[in-house]
Each structure stands twice: as structure tokens, then as C-alpha cells.
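The block underneath contains the structure these notes are about, expressed in C-alpha cells.
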Amino acid sequence: MSTPASEMPKAYDPEPVESRWYGVWEDAGSFRPEANDGGEAFCIVIPPPNVTGSLHMGHAFEHSLIDATIRRKRMQGYAALWLPGTDHAGIATQNVVERELAKEGLDRHEIGREAFVERVWEWKGEQGGRITAQMRKMGSSCDWSRERFTMDDGCSRAVRVVFVRLYEEGLIYRANRIINWCPRCHTALSDIEVEHEDVDGELVHIRYPFADGDGSVTVATTRAETMLGDTGVAVHPDDERYAGAIGRTLILPLVGREIPVVADTAVDPEFGTGAVKVTPAHDPNDFEIAARTGLPAVDIFTESAVVNDNGGRFAGLARYAARDAVKEALRSEGLLDHVDEHRHAIGHCYRCHTVVEPRLSLQWFVKSKPLAEPAAAAVADDRTQFVPENWEKLYFDWLENLRDWCVSRQIWWGHRIPAWYCRDCGRVIVSVDDPSSCSGCMSADLTQDEDVLDTWFSSALWPFTTLGWPEQTDDLGRYYPNAMLHTGFDIIYFWVARMMQMGLHFQGDVPFREVAIHGLVRDAEGRKMSKSYGNVVDPLELAGRYGADALRFALTRAASPGHDVPLAEEWVEGARNFVNKLWNSARFVALNLDGRTLAELEAAGAPLPGEVTLPERWILSRLAQVTASVDEGFERYEFAQGVQKLQAFFWDEFCDWYLELAKLPLGEGGASRERAQRVLAGIQSTILRLLHPVVPFVTEELWDRLGGDGRLITARWPEADASAVDETADAAMAAVIEIVSAIRRFRSEHKVPPSKKIAALVVPADTAQGSALSDLDTHIRALAGLDQFGVIAGRDPQPKEQRLVAAGATIVIPLEGVVDIAAALADIDRQIEKHAAELAKVEAKLADESFVTKAPDHVVGAMRTRQSGAQEALTTLRAQRDQLAG
RNA sequence: GGGCGCUUAGCUCAGCUGGAAGAGCGCCGCCCUUACAAGGCGGAGGUCGGGGGUUCGAGACCCUCAGCGCCCACCA
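First residue of the first sequence? That's 80 in our numbering, and the numbers climb one at a time after it.
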């Protein structure tokens, strides 16, 4: 023991404890799986946070779950590995550094690509350690010797190997397609990087006159400015209204271009006017119509969504200014038919929230089908299971409707695409290593593709690149597939589904056996934490004030798969109180161990000396049950269930009842004291170990002070001792508790001061109860504040006595000098009322013929027991009432 | 337009296979009882969103309505 128990302060102070242990653990190598070398592998890779970010509440929550999972597995003897790392977060990080540059009045284009990337690496160097330092503060038990970064050498090489392999397999290709373009970030985005939002817009109806001057066709559009890029108008081939129009030529207003009317079945005759303006460069549908009907594409926007020279006199106008100008011009030419209100969804960039522009451009794509099908199958046949299962449906739906993934980004921070173009022969060379000459014409005049890959491309490889792939390392063999993954539902598409695809394709097996989905951390009112609400809480700040353990406890106590977690400061305060209670229970135990350690007493173990008492049998029985159920809760990631059960057991049963009851045998000395010490030690030790995955710091500290085996607490995960379960003891103690509570209630209701000792006699429900009560008479006297207590076989109602019915027993309390008759009568009337209501309810049930015949015997039997119990209670109480009233 | 989820005590939520309504926080009394006032003891508070149905029995299962939330969607 490092500190004598007598020096334990009354109030637990987390600060010195939490700042001490992390280093000890790390120095001992206890976060390395090698600490359990012979054990079965159990690996979780971290969902890599942004390298330049800082720890927010969502991380704190997720990490609490991962850490609880990994610490428990470690205690169970697994070679448990929590593999940490960070993500380069392409667009996000680039944006941050660009803002830094802007403060200096600089633009990335001014300093050039090389200098800019250098700048980002510098930034990463300065900021990169922050989040990992914060994780240490929170107690996350990562193996930092294996820490990775998505852009470190190994991961970068892996990305190239994957890209080349997919390219050679025909699963990566380059094509001119309509992609989602962010005019602020100046890059393409994948479909899921676009967030749709309903907005009130307009449906503008424009007349396009025929070239021959004979009439016009009216088209409807939500984006009037794109008419500048129209190269045709499409109608449904069966639409009689336009039967004569197909093949005729229209004059595009404001531009003057001659454009044809074409027929295409993609047109919905019901919508708008049934005639669609076709803008192949700025709308995916139109692009496809154009592809089928041979219409050309005219790009009218710059990369910033400003009208370019193809827009004629509108050139130089930003897209919304152009929209107004186009409408105004059409109006003045009398071609603006009318404008309807129209609510529709428009896409925004998920990084900067700018409205996304569909844009025709040359990009790299990953073919989806061949990768998606095996990924769906692996979940369908349970090689990977989602917890809770209902997220699987979402996963399947997404994979089924997956379109090819645009993976090229026009930014500078990221994995540069390993493709080179030969200036001489135009050949495309895709290669893991930088080529020095063209593989076709041998020319040395090569230029590398300017684009980088989507950040999620490297994330998709995380479960195996972090283990050393493409090298066939020992870690890869040992820890792939990962045991499981903890992550949020918001990145099932971005990340989970893609890891499944890549893992299956490149490793031939799923990346993890289970995916436990957690919810969002919300505030006390259930609102999402966000800057705009101003309800964002800093986890480090809370941990600083209440302890990392308290924050972890508060989060874990509410965590159940798939569900959001509300968090208010009061909850954390409550968790802090819990930790303090734990501290003090240990302090009590420590003060009563005669300088011995938990380990010594546990080793002394069974058989316990002397005769094992009811409270001892009971608490050991309860411990066994609770251990089993906590273990099961953790195993199923039902942390809330496990933690709440443990909390209730520790506080309500162990502290409130057993510790109080133990004070007597501890005072008796001899075998009684020895026995109580061993029981206390066993329970305290088990509680510490069960709690350790959730509140590692305080439990380690207490183990250090009381444990005494010179080892860290991580040694053993407790197993439930099924043989300790003792239902007889459970029932007997339940009765004792009920009887003591009844007497306490009586005292409290009649304001009998604690200093005033009263007497009580109990007529037990049966002989077993009777002997339990007799055995515990001293305890009961202490707990209920009695100076006299006795168990008697029977007693007729007498004047100046009160009767309480509890657990089938009758408690007799002399009233003389304690409570006046009127108050006692009122008390009895309340009890009579309660039991009469119970009897009425039960008898109504038993009078129901179909209940008695159809319900299972044990249910009917239980009902009969309740009936006789209520009847007896009423008989007793009424007789007593007559006595008092008479 | 599809899909998912939620509606239980003042607040946030548990209630797994249908058999006497729970926790934490808050609230109201009484207590510094030598582990803990960050505590102890006692208490109040719910016709489980509405309406149907299945069942001997429904907070739990089915249908339906209402309200809220989230995700997906290239009808211009």
C-alpha cells in the first residue's frame, strides 16, 4: 500500500490521481497487446479524428466506449489492442490552413502547391499532438507505439498500391462526368459529401421560340441562369402536345443558339410543361439525355460558379446574380412566361455549406457494383454484424443504390493520384512508384495528375493499413479482422461501408466482426450540440472540474447501442458523487482491514471462518448475480445496463445495507471480524475490477492503496461465482429490508426523533423468516433505531400498540410515549386502505373464470398468495384498529 | 417521394422473450448516526401520446391517427 488508509482524504480529489496513472500504465506497457501475449487477439482501430482537431464531446463519448470495451478485454486476458491514429482530413484541414494564410493576406495559389503542402505539414506538426494528448487525459488506453496517420509513409504507400490494383482490375477509371462541385472549395465531391436541404425556390417558365417563327415551346426550370448552357429541349416521345415539335429547331433566347427539340423517355410529361431544357454540362439528367440524343455540352461556369465567356453578355456574373439578370432580360423580351413557387432540395458542401454546382468534368471514379455486392453479402450472412441490427437495412439500401464513387479532389492536401500523363504520346501511367519514363514511348516528359484522393479513400483502408499492409506483418496476421468497431451512425456510408468493401477486396475477409453503432451526445434538452445553439460543452473542461472518470461514467452510464446520449453538467456532477462514494466505501474497508490487503484477504478466501451469516450469504449471492449481468451488459455493448446495475448494487445494496450490517461483526472481533473482512475485501475488489473499464483512474488508485498485490488492477476480470447464488438468502434479506424500512417509515411519518429509541416485536410470516429475524436482532436494532426487538410466535391485538404489516410479517410497536392514538389510527387506516385495494384487485382477478383456467399455474398461484397475504394483513390491522378505537 | 426512430414521473431516459409501473437528476420532510452532507433515512409524483384490435392478461404484440426527430432521393 502506497498510502495508509488513514491518510485517505474524505473527499476524493481526481486531479493528482488522474495525472499520475496514465504515465505509470504506459511505462508498464500495459496498453500493448504484448502484455497479454498468449491471449487471443482483440483489436479495435480508432475512428481516426482529424489530426488538427481537438477532442469534442463526441470523441469523449466514443472513446469512453472503446476504452471500456478494450480494457475489459484486456482484463479478460485477451491480447487487446486499441490502435490509435489520426486522419489527414483533406478538405477540412486544407480549409483551416487556407484561413490561416488568409490572415497573412496570402492565397494558396500565390505560394504554390509545394509551399502550401509544406505549410500544412507544419501545421500538423504544431497541432497534431493536441488531440492525442487530450485522449491521454481522458484515460484512453491506446497502444501509442502503433500510432498511425493516414498520410504517413506506410499508409501513403498502401493507398498507391490499392489505387494501382483497382486501376489494373478496371475498378478505377477516369471519365468526363457530371459531379458535385463546390464553388468555394474548388473541388469535386462525392455524392454523400453533399447535404440536401429543402428550400423555397421557384419554377421559372420560359418561352423558347421556334426558329421558323411559328410558335414556341415553354420550358420550366428552377435554375433559370443555366439556360445559357442549353443545347436542346427534350419532351417525352409519347407526349401528344409536342408530337409535331420533335425534330424542329428552337432559338435559345438571350444567346441566339439554334437548339433542337429531342425526344427522351426520361422526361416526365406530368411535371412542369412536359418540356425540359437540356443543359448537359450542368445537370446529371440532362447529361444523360444529351448522351442519348447526341446534344453537345456547353459549360457556362468558372470553377467559382461565375458565368464564363460562353454566357455572352452575362459573363462575369456570379450564378445568382446571373439568375436575376437572365430572368430580367427574359422578362424584357417578353419570353418569361411566369414564375411559380417551388419547394425543392438543393445540395450543400458538407465542409463549407456552399451550394453545390453540378459540373461536367474529368474525374477518377471507383466502380461500385463489384465492390458493393460482396460487402452487402458479408453482412447478410453475418460475417459482420451490426449492433443494433436495424442499421443493417440502411447499409443494404445504400450499397444497393450505390453509384460510382468520384474519388478525385482538386485540392492539394492529400494522397496525390498516382497517375502520370506522357506529354509525348498521351499515355496514362498508373504506378505505385514514380515512373521516370513513359512505359510506351520512353519519353521522360511526364506530368503527374494534379488531383488528390478523397480523404475517405485512405480511411477505407484503415483496418489493415494500420496493421502494416501492404507488408505481410505479424500484426496484420494477428489483428485482421479487427474484433469490432465502435462508431457513429453518421459515418456508416462514408466509412463503414467502404471499409467493408476494401477489406473484403484486399484482405479477402471482413474488416471487423461487429459494428456497434452509438448515437450522438446531446444536451440536457435533447438538442444536438452545435456552435449555433451555443450548447457545446468541452469535455476536457468538464473532466478538469469533475474528473475524467466522472465524465466517462456519466457518458457510459447512458450508452446503449444506437441511442443518443443526453449530457448535462448535473449528470457529470452525479457521476462525480458516485466516484466519491466509491472512494469512501474503499476508505471504510481500508480502515477495517487491520493493515492487510485485499489480495491477502481474497487469497485467504473460502472456507470463511465461523458461521456465514445471512447478510454475508445475501451480499455474496447478489454480487454473483450482478457480476454476471454486468458482464453480459458489457459484452453486448449495453453499457447503460451494465453500469446502472453495478451502480445500484454498489450504492443501494453494498453501501446502504451490507456495509451497515458489517459494522457489527467487524466490532465483534475474532472469527466474525475475520469473516466480515474477507467478504468485504472480496466484494470491494470485485466492484473495483468491474468498474475499472469505465472509471480506470480511481479504481487503479484504490487498488494501489488497498489491493496490495503489487500489480496493476488490469490483471483479472471478475467471473461470477454461480455457486454463490442463494435465493433463500435473497428472499430472507428482502424481508429483513422490508421490515426495517417499515419501522423507519413509521418513525419518519410520526416524527419520532432518532435519539428516541422505540421497541418492536415481530410476528414473522413463517419460521424461516422468524429465524432470520432472530439471528439479525442486533443488526435490526441498530438499523431501525430500536432499544428492544424480539420475534414472537403470535400476539393478539392489544391496546396502545401499533401494527405494521410488511413482508407478510406483523410488526408490533408499543405506542406508549411514542405516538398518540389518533395518529396511530390514521396510520392504520391508511394501511387498511392500501391492503383493501390490493385485495379487491386480486379478488377481481381470481373471480374471473377464464383467468383461473387459462393463466399458467404459477401466475394463479402467485395471485392466491397475494390474496391470502392481503386478507391476513386486513384481519390483523382491523383487529388492531378495534383495539385502538375501543 | 421513400425509409427509420421516438412519444413512460417536473427533466433525461430504462423497461430484453406480454403476468403486481423503474432509475438518475429535481422536489418535500427529518438527520452532522465515528466511510462518505459530493452523505444518511423517509416521502410525494405516472389513467405508459389518442383510438381500435389480439389475449384470461398489453407500457410491451397488431392496425390506425396525431405530434416530434433523423436519414435517403439527379422530377427539370
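For each residue, glycine too, the CB sits at the ideal point set by N, CA and C.
- Residues bridged to arginine 253 [DSSP beta-bridge criterion]: Trp443
- Message: Does the stretch 776-785 come into contact with the stretch 901-916, if we say contact requires no fewer than three beta-carbon pairs (one atom in each stretch) closer than 8 Å?
- Response: no
- Tell me whether alanine 168 is buried or exposed, calling it buried when 16 or more other Cβ atoms sit within 10 Å of its Cβ. buried
- Item | Straight-line Cα distance separating leucine 599 from proline 645 | 8 Å
- Whose C-alpha, out of Phe444, Asp961, Glu817 and Ala638, is nearest the C-alpha of leucine 245? Phe444
- Can you tell me whether aspartate 783 is buried or exposed, with buried defined as 16 or more other CB within 10 angstroms of its CB? buried
- Task: Assign threonine 526 to one of two classes, buried (16 or more other C-beta atoms within 10 Å of its C-beta) or exposed (fewer than that).
- Result: exposed
- Task: Pull up the CB-CB distance for leucine 540 and valine 238, whole angstroms please, since I reckon it's below 8 Å.
- Result: 7 Å
- Item | Runs of alpha helix (DSSP H) lying entirely within the stretch 836-885, each at least 4 residues, in chain order | 846-854 and 856-863
- Delimiting residues of the alpha helix (DSSP H) encompassing valine 615: Here valine 615 belongs to no alpha helix (DSSP H), and DSSP marks it neither H nor E.
- Looking at histidine 771 and methionine 136, is the spacing between their C-beta atoms short of 8 Å? no
- Enumerate in chain order the residues of its own chain whose CB-to-CB distance from isoleucine 762 is below 8 Å, with the five nearest sequence positions on each side excluded. Ile698, Leu699, Leu702, Phe733 and Tyr737
- Message: Taking the beta strand (DSSP E) that alanine 459 belongs to, which residues open and close that run?
- Response: Note, alanine 459: premise wrong, no beta strand (DSSP E); alpha helix (DSSP H) at 448-459.
- DSSP state of methionine 80, grouped into three classes? Reliability fails at methionine 80, whose pLDDT of 44 lies under 50, so the model's placement of it is uncertain and the value that follows must be treated cautiously. Coil, per DSSP.
- Kindly indicate which residue of His858, Val819 and Thr229 has the alpha-carbon position closest to the one of glutamate 695. His858
- Message: Extract the residue ranges of the beta strand (DSSP E) inside the stretch 135-219, only unbroken runs of 3 or more that lie entirely within it.
- Response: 158-162
- Query: From valine 405 to alanine 303, what distance separates their C-alpha atoms?
  - Reply: 7 Å
- Task: Have a look at Glu272, Asp628 and Tyr625 and flag the residue whose alpha-carbon is nearest the alpha-carbon of arginine 488.
- Result: Glu272
- Among Arg754, Gly351 and Val938, nearest to leucine 693 - alpha-carbon criterion: Arg754
- Query: Which class does glutamate 798 belong to by DSSP, given the choice of helix, strand or coil?
  - Reply: coil
- Of all the beta strand (DSSP E) runs that stay within the bounds of the stretch 321-408, which reach a length of 3 or more residues? 328-330, 337-342 and 354-357
- Can you list, in chain order, the residues of its chain whose CB lies under 7 Å from that of alanine 267, leaving out five sequence neighbours each side? Ile258, Asn259, Trp260, Ser440, Gln442, Cys485, Ser487, Arg488 and Gln489
- Across which residues does DSSP place histidine 421 in a beta bridge pair? Gly280
- What distance in whole Å lies between the Cβ atoms of arginine 909 and threonine 955, which are believed to be in contact at a cut-off of 8 Å? Threonine 955 to arginine 909, Cβ: 15 Å. No contact.
- Message: Using DSSP's beta-bridge definition, name the partner residues of threonine 566.
- Response: Ile596
- Task: Would you mind sorting alanine 523 into buried or exposed? The rule is 16 or more other CB atoms within 10 Å of its CB.
- Result: exposed
- Message: Could you compute how far the alpha carbon of tryptophan 491 sits from the alpha carbon of glycine 373?
- Response: 36 Å
- Task: Could you spell out where the beta strand (DSSP E) holding serine 295 opens and where it closes?
- Result: 295-300
- Query: Does the Cβ-Cβ distance between alanine 455 and leucine 478 come in under 8 Å?
  - Reply: yes
- Segments of 4+ residues assigned as alpha helix (DSSP H) that fall wholly inside the stretch 635-713: 648-670 and 677-683
- Which whole-angstrom value describes the C-beta separation of tyrosine 558 and leucine 160, a residue pair presumed to lie in contact below a C-beta threshold of 8 Å? 6 Å
- By how many angstroms is the C-alpha of alanine 685 removed from the C-alpha of valine 691? 11 Å
- Note down the Cα distance separating glycine 47 from tyrosine 101, rounded to an integer number of angstroms. Absent from the structure is residue 47, since the part of the chain shown begins at 80 and ends at 965.
- Message: DSSP three-state label for arginine 488, please.
- Response: strand
- Item | At least three beta-carbon pairs within less than 8 Å, the stretch 137-151 to the stretch 590-604 | yes
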